[in-house]
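Here's the structure, in structure tokens; my notes come after.
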Amino acid sequence: MNNELKPQSAVQAAQTRAFVAGLQQGSQTYWDMVEIGDELSRDLHISPELVILYLDPVEDYNPWYEGWRMNSWHIDGESPFGGAIVPPLLVSHFVLSVQFDHTKPFAIGSIHTFHDSEILEPIPVGATVRITTRAIDKYEKRGRRYVRHEVHVTDTATGMLYFREVRDILSL
33 MNNELKPQSA VQAAQTRAFV AGLQQGSQTY WDMVEIGDEL SRDLHISPEL
83 VILYLDPVED YNPWYEGWRM NSWHIDGESP FGGAIVPPLL VSHFVLSVQF
133 DHTKPFAIGS IHTFHDSEIL EPIPVGATVR ITTRAIDKYE KRGRRYVRHE
183 VHVTDTATGM LYFREVRDIL SL
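Here this note's numbering = 1-based position in the sequence shown + 32.
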């Protein structure tokens, strides 16, 4: 087995150069980009395919999550809650894509340091959820700067609150 790094393709090299150029043209620290009260949201349809893409790398195989079957594809699935449900922390994985404002240059130097997640209701496979994140605090601790966010995940059709979370981001 060869573990050597392979050279980048022309497309990869161009994408890397564009990303680095973007960083040099006005990127800020997360601390400077976010104000208390800033709120962002995004809708996410949780299809059986998305569940599979999440489950394979984390190897969290449970028949409760199976809203699909080979050759017949979409099925209702079975769980103690009725049909197939979404792995509980799948939505937490997508919060990051909501937290950062994609209309601004990429934020440099941020690390997640704290998560407090509450799973309130099972999310059915096939649901469309709205992930909303709001900056609720900025604070310094031992000379380091943190931004705290509150996250809510609700059903777009019914408004049911499925999941909430508080998370802190350490910023340069």
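Glycine included, each C-beta is placed from N, C-alpha and C at the ideal position.
Small disclaimer: the values here were computed from a predicted structure and weren't measured.
Which residues bound the alpha helix (DSSP H) around Phe126? Counting from 1 along the sequence shown, the entry for residue 126 is found at position 94. Element bounds for Phe126: Leu122 to Gln131.
Tyr86 by DSSP, collapsed to three states: which one? For the purposes of this step, residue 86 is taken as residue 54 along the sequence shown, with counting starting at 1. Note: Tyr86 maps to helix in three-state DSSP.
Excluding five sequence neighbours on each side, which residues of the same chain lie with their C-beta closer than 8 Å to the C-beta of Leu87? As a first step, residue 87 must be located in the sequence shown, where it is residue number 55. Around Leu87: Tyr93, Tyr97 and Pro119.
Pair within 8 Å by beta-carbon distance, Ile163 and Arg180: As a working mapping, residue 163 is identified with position 131 in the sequence shown. As a working mapping, residue 180 is identified with position 148 in the sequence shown. No, these two residues do not count as a Cβ contact at 8 Å.
Assuming Val157 contacts Ala116 (C-beta within less than 8 Å), just tell me the rounded distance between them. Start at 1 with the first residue of the sequence shown, and residue 157 comes out as number 125. Start at 1 with the first residue of the sequence shown, and residue 116 comes out as number 84. Val157 to Ala116, Cβ: 4 Å. Contact.
Leaving out the 5 sequence neighbours to the left and right, which residues in its chain are closer than 7 Å to Ile151 when beta-carbon positions are compared? One-based indexing of the sequence shown puts residue 151 at position 119. Excluding positions up to five away in sequence, the list reads Pro120 and Phe195.
Would DSSP call Val183 helix, strand or coil? The residue given as residue 183 occupies position 151 in the sequence shown. Val183 falls in the strand class under three-state DSSP.
Using the rule of at least 16 other Cβ atoms within 10 Å of the residue's Cβ for burial, across every protein chain shown, is Gly209 buried or exposed? Lying outside 33 to 204, the shown extent of the chain, residue 209 is not represented and no answer is given.
State yes or no: is the C-beta of Val83 within less than 8 Å of the C-beta of Gly99? Here residue 83 corresponds to residue number 51 of the sequence shown, with the count starting at 1. Here residue 99 corresponds to residue number 67 of the sequence shown, with the count starting at 1. Contact flag set, yes.
Measuring CB to CB, does Ser129 end up less than 8 Å from Arg176? The sequence position of residue 129 within the sequence shown is 97, counting from 1. The sequence position of residue 176 within the sequence shown is 144, counting from 1. The answer is no: Cβ separation not under 8 Å.
Report all residues from its chain with a CB closer than 8 Å to the CB of Thr22; omit the five preceding and five following residues, and keep chain order. As displayed, the chain neither begins before 33 nor continues past 204, which places residue 22 out of reach and without an answer.
Could you check if Ser142 is buried or exposed, using at least 16 other CB atoms within 10 Å of its CB as the buried criterion? The residue given as residue 142 occupies position 110 in the sequence shown. Buried, since its Cβ has 16 or more Cβ neighbours within 10 Å.
For Asp108, which three-state DSSP category applies? For the purposes of this step, residue 108 is taken as the residue at position 76 of the sequence shown. Correct three-state label for Asp108: coil.
Just verifying my parser: in three-state terms, what is the DSSP assignment at Arg174? In the sequence shown, counting from the first residue as 1, residue 174 sits at position 142. In the structure shown, Arg174 sits in coil (DSSP, three-state: anything other than H, G, I, E or B).
Report the rounded CA-to-CA distance for Glu67 versus Trp105, giving the unit in angstroms. Reading the sequence shown from its first residue, position 35 is the one you call residue 67. Reading the sequence shown from its first residue, position 73 is the one you call residue 105. Spanning the two alpha carbons is a distance of roughly 44 Å.
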